[in-house]
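Under my numbering, the first residue of the sequence shown carries the number 140, and numbering increases by one thereafter.
A virtual CB, placed ideally from N, CA and C, is assigned to each residue, including glycine.
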Amino acid sequence: MAPPTAVAIHAITDTAAAALPEPLTVDGVAKRRHAAGKLSGGVAAATSSDLFKGFGYCKQRAKRWDGHLSKESRARQVRYSIRAPLVSMRMLSLGGGLPSSRYFPIEHLQVKVPAVGHFSEEETKESGVVLKAGKYDLSEGKGLYERGDCILSEEYTFATAVETAAPMGVGVVGIKMDDQGLLPEDMDDILTSWDENERGGARKPRLLYTVPSGQNPTGATQGLERRQALYKVAQKHDVYILEDEPYYFLQMEPYTTGGALTASLPQTHGDFLKALVPSLLSMDVDGRVMRLDSFSKVISPGSRVGWITASEQVVERFVRHSEVSVQNPSGLAQLTLYKLLDESWGHEGFLDWLMHIRKEYTQRRDLILNACEKHLPKDIVSWSPPMAGMFLWLKIDWTNHPEASGKDPVAIEGEIFQTCVDRGVLLSPGSWFRAEKFKHHDTLFFRATFAAAEGEQMEEAIRRFGGAVRGVFKIS
140 MAPPTAVAIH
150 AITDTAAAAL
160 PEPLTVDGVA
170 KRRHAAGKLS
180 GGVAAATSSD
190 LFKGFGYCKQ
200 RAKRWDGHLS
210 KESRARQVRY
220 SIRAPLVSMR
230 MLSLGGGLPS
240 SRYFPIEHLQ
250 VKVPAVGHFS
260 EEETKESGVV
270 LKAGKYDLSE
280 GKGLYERGDC
290 ILSEEYTFAT
300 AVETAAPMGV
310 GVVGIKMDDQ
320 GLLPEDMDDI
330 LTSWDENERG
340 GARKPRLLYT
350 VPSGQNPTGA
360 TQGLERRQAL
370 YKVAQKHDVY
380 ILEDEPYYFL
390 QMEPYTTGGA
400 LTASLPQTHG
410 DFLKALVPSL
420 LSMDVDGRVM
430 RLDSFSKVIS
440 PGSRVGWITA
450 SEQVVERFVR
460 HSEVSVQNPS
470 GLAQLTLYKL
480 LDESWGHEGF
490 LDWLMHIRKE
500 YTQRRDLILN
510 ACEKHLPKDI
520 VSWSPPMAGM
530 FLWLKIDWTN
540 HPEASGKDPV
550 AIEGEIFQTC
560 VDRGVLLSPG
570 SWFRAEKFKH
580 HDTLFFRATF
590 AAAEGEQMEE
600 AIRRFGGAVR
610 GVFKIS
């Protein structure tokens with residue numbers, strides 16, 4: 140029997156005549172925020188970001204991740220106390236177990252903040268206390284792997300990520316890197332050739348942890364094409380991505396060798412935002428990206444407040460985990476941030492602040508790079524100017540060491556580190572950040588940060604480091 144004639148099928152939808160919503164802009168935030176009204180009421184009242192979301196009917200639905208969730212994550216249930224309706228301003232609640240605010244021993248809390256447009260060092264000092272906020276417990280990947288699994292990351296990565304995974308019986312497999320961060324082709328090769336027998340029975344990784352902007356420790360920033368290629372590899376192998384972006388808003392202008400320590404501010408908020416490399420989350424069409432953000436690098440660490448953005452299913456599982464771990468970030472910290480961000484600065488003021496610290500960090504980066512040009516032996520030490528973040532990754536050509544043929548690079552690293560300590564300067568050895576601690580490496584690095592020390596101290600530190608390297612390598 141002949142197959143039926145092809146028939147053109149046209150989709151029927153009740154939104155066919157609806158206009159697509161305009162992208163949210165800074166100017167549009169105030170209107171949406173006003174429409175949402177007060178987002179919570181009462182003592183420690185529950186609230187939800189659903190109250191503030193815009194319409195998303197024009198977007199694709201995220202795929203489900205049941206097969207990627209761990210047994211522990213799938214088993215978590217909603218706490219009974221959370222099943223109650225969200226508290227409204229008109230509801231009289233006798234259902235909670237929290238004390239009355241009448242009996243809190245704090246009547247008034249005052250924090251001075253710099254006014255918008257007055258962020259200079261002198262004006263900030265005069266304004267009083269600098270607010271402190273930070274990154275709270277983001278053990279976000281725990282629901283996406285089991286004991287005995289392996290996860291992927293850059294070959295040099297945030298040390299705490301590796302230290303967190305190890306006690307849970309989770310291995311970390313490092314992906315090779317260049318000046319733009321992890322190499323998608325190496326990630327593809329690792330996943331394509333994965334052999335469970337050779338990997339001690341570990342199944343093929345289904346989770347990638349990456350820091351795309353100003354990566355810790357290397358300072359590398361993935362360009363747009365690199366991020367697109369990475370996402371395609373993740374789609375090919377059905378890998379879920381944890382996109383950790385604490386340095387996202389600290390993207391900088393290119394460095395000019397020996398240039399003046401000046402950096403320009405963008406003309407408008409729109410110019411600032413357009414100059415940022417798009418995040419992996421912005422190109423996600425599957426719901427396979429969880430983006431992690433934090434106030435720890437753009438305001439100050441201490442109050443332990445961060446936030447995640449992901450598909451509804453994954454966020455719901457994360458909430459279940461948080462309910463039985465951290466529960467919530469500090470209430471006092473949240474109150475302080477609310478007063479600063481919502482009542483004092485607003486979105487415009489926050490963007491003004493981000494533009495300001497981006498300029499400040501750019502000048503600090505230029506200062507440390509100028510110091511490196513001046514004080515480091517370039518036949519031994521090399522580096523690439525970071526385009527974001529607060530770290531400089533210094534590569535040491537250990538093969539130039541007079542005893543290189545009989546020494547391991549780790550031994551030379553230890554020798555440099557101890558000599559630095561003796562000279563009164565501290566940089567972090569690169570081996571501390573290896574994803575695979577026991578794998579042989581034939582490279583040697585040190586990480587320096589330009590975030591903390593003041594200008595003269597920073598240059599003196601680099602001078603001492605250069606002296607330590609010269610001493611170890613026995614050069615004048």
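Same chain, Cβ closer than 8 Å to residue i, neighbours up to 5 away in sequence not counted
{"i": "PHE612", "result": "PRO516, ILE519, ASN539, HIS540, PRO541"}
{"i": "GLU392", "result": "ALA402, SER403, THR501"}
{"i": "LYS315", "result": "GLU294, LEU321, LEU322, ASP325"}
{"i": "GLU335", "result": "ALA341, ARG342, LYS343"}
{"i": "LEU389", "result": "SER352, GLY353, LYS436, VAL437, ILE496, ARG497, TYR500, ALA527, GLY528, MET529"}
Cutoff 6 Å; reference residue i; Cβ partners in own chain excluding five residues on either side
{"i": "LEU347", "result": "LEU291, VAL378, ILE380"}
{"i": "LEU330", "result": "HIS376"}
{"i": "SER450", "result": "ALA201, GLY426"}
{"i": "ARG602", "result": "HIS514"}
{"i": "GLY610", "result": "THR558"}
{"i": "CYS289", "result": "GLY310, VAL312, ALA341, PRO344"}
{"i": "LEU369", "result": "PRO323"}
{"i": "TRP446", "result": "ASP432"}
{"i": "HIS207", "result": "LEU283, ARG345, TYR379"}
Residue nearest to residue i in terms of C-alpha spacing, selected from the options
{"i": "PHE297", "options": "CYS289, ASP288, GLY287, GLY313", "result": "GLY313"}
{"i": "GLY310", "options": "GLU324, GLY287, ASP327, THR299", "result": "GLY287"}
{"i": "LEU420", "options": "ASP410, ALA574, THR448, ALA550", "result": "THR448"}
{"i": "ASP318", "options": "THR303, ASP334, GLY282, ARG365", "result": "ARG365"}
{"i": "PRO525", "options": "HIS207, THR395, SER450, GLY569", "result": "THR395"}
{"i": "GLY590", "options": "ILE551, GLY545, ASP505, THR582", "result": "According to the sequence provided, residue 590 is Ala. The question's Gly does not apply to it. When each option's Cα is compared against that of ALA590, the closest is ASP505."}
{"i": "LYS371", "options": "LEU322, LEU480, ARG497", "result": "LEU322"}
{"i": "SER621", "options": "PHE572, ASP410, ALA550, PRO440", "result": "Outside the displayed span of the chain (140 to 615) sits residue 621, for which this structure offers no information."}
{"i": "GLU595", "options": "SER544, HIS408, ILE507, ILE614", "result": "ILE507"}
{"i": "THR407", "options": "PRO344, LEU493, GLN557", "result": "LEU493"}
{"i": "GLY528", "options": "LEU415, THR164, PRO568", "result": "LEU415"}
{"i": "PRO344", "options": "ASP328, TRP571, VAL350", "result": "ASP328"}
{"i": "ALA304", "options": "ARG456, LYS576, LYS534, GLN367", "result": "LYS576"}
{"i": "MET429", "options": "GLN452, ALA574, SER483", "result": "GLN452"}
{"i": "TRP571", "options": "GLY167, ASP205, THR299", "result": "THR299"}
{"i": "GLY397", "options": "ASN509, ASP481, SER461, GLY340", "result": "ASN509"}
{"i": "GLY485", "options": "GLU161, GLY167, VAL350", "result": "GLY167"}
{"i": "LEU412", "options": "LEU431, ASP491, ASP481", "result": "ASP491"}
{"i": "HIS579", "options": "GLY282, ALA550, LEU369", "result": "ALA550"}
{"i": "VAL350", "options": "ASP481, GLN249, SER418", "result": "SER418"}
{"i": "ARG456", "options": "GLN249, GLY282, HIS207", "result": "GLY282"}
{"i": "GLY606", "options": "ARG573, ARG562, ALA574, MET597", "result": "ARG562"}
Counted within 10 angstroms of its Cβ, other Cβ atoms place residue i as buried (16 or more) or exposed
{"i": "CYS511", "result": "buried"}
{"i": "HIS173", "result": "exposed"}
{"i": "SER352", "result": "buried"}
{"i": "PRO616", "result": "Because the chain spans 140 through 615 in this model, residue 616 falls outside it and cannot be assessed."}
{"i": "ARG200", "result": "exposed"}
{"i": "VAL608", "result": "buried"}
{"i": "ALA169", "result": "exposed"}
{"i": "GLU552", "result": "buried"}
{"i": "ASP632", "result": "Since the first residue shown for the chain is 140 and the last is 615, residue 632 is missing from the structure and cannot be characterised."}
{"i": "ILE614", "result": "exposed"}
{"i": "LEU163", "result": "exposed"}
{"i": "GLY339", "result": "exposed"}
7 Å CB neighbourhood of residue i in its chain, flanking five on each side removed
{"i": "LEU566", "result": "CYS559, PHE585, ARG586, ALA587, PHE604"}
{"i": "TRP532", "result": "PRO356, THR357, GLY358, TRP522, PHE584, ARG586"}
{"i": "MET307", "result": "ARG286"}
{"i": "ALA600", "result": "VAL564, ALA592"}
{"i": "SER461", "result": "none"}
{"i": "VAL204", "result": "As written in the sequence, residue 204 is Trp, which differs from the Val given in the question. Taken in chain order, the residues that qualify are TYR379, GLN452, VAL453."}
{"i": "TRP333", "result": "LYS343"}
{"i": "PHE556", "result": "PRO568"}
{"i": "ASP581", "result": "PRO548"}
{"i": "TRP537", "result": "ALA543, PRO548, ILE551, LEU583"}
Cβ-heavy atom distance, residue i to the ligand ATP, below 8 Å
{"i": "PHE457", "result": "Absent from the structure shown: the ligand ATP. Ligands present: none."}
Residue-level contact to chain D via CB, residue i, 9 Å cutoff
{"i": "SER403", "result": "This model lacks chain D altogether, as it is built from one protein chain only."}
### Task
For the region 374-388 and the region 433-442, state whether three or more C-beta atom pairs, one from each stretch, are separated by less than 8 Å.
yes
### Query
Unbroken beta strand (DSSP E) runs of length 3 or more, entirely within the region 518-589: which are they?
DSSP runs (the beta strand (DSSP E)) wholly in the region 518-589: 530-535, 584-588.
### Query
Does the region 358-366 come close enough to the region 470-487 to have 3 or more Cβ pairs within less than 8 Å?
no
### Whole beta strand (DSSP E) elements within the region 412-480, 3-residue minimum
Within the region 412-480, the complete beta strand (DSSP E) runs of at least 3 residues are 428-433, 445-448.
### Message
With three or more C-beta pairs closer than 8 Å as the rule, is the region 498-509 touching the region 390-408?
### Response
yes
### Message
Quick check on the DSSP output: what are the complete alpha helix (DSSP H) runs of length 4 or more inside the region 345-416, in order along the chain?
### Response
363-375, 408-413
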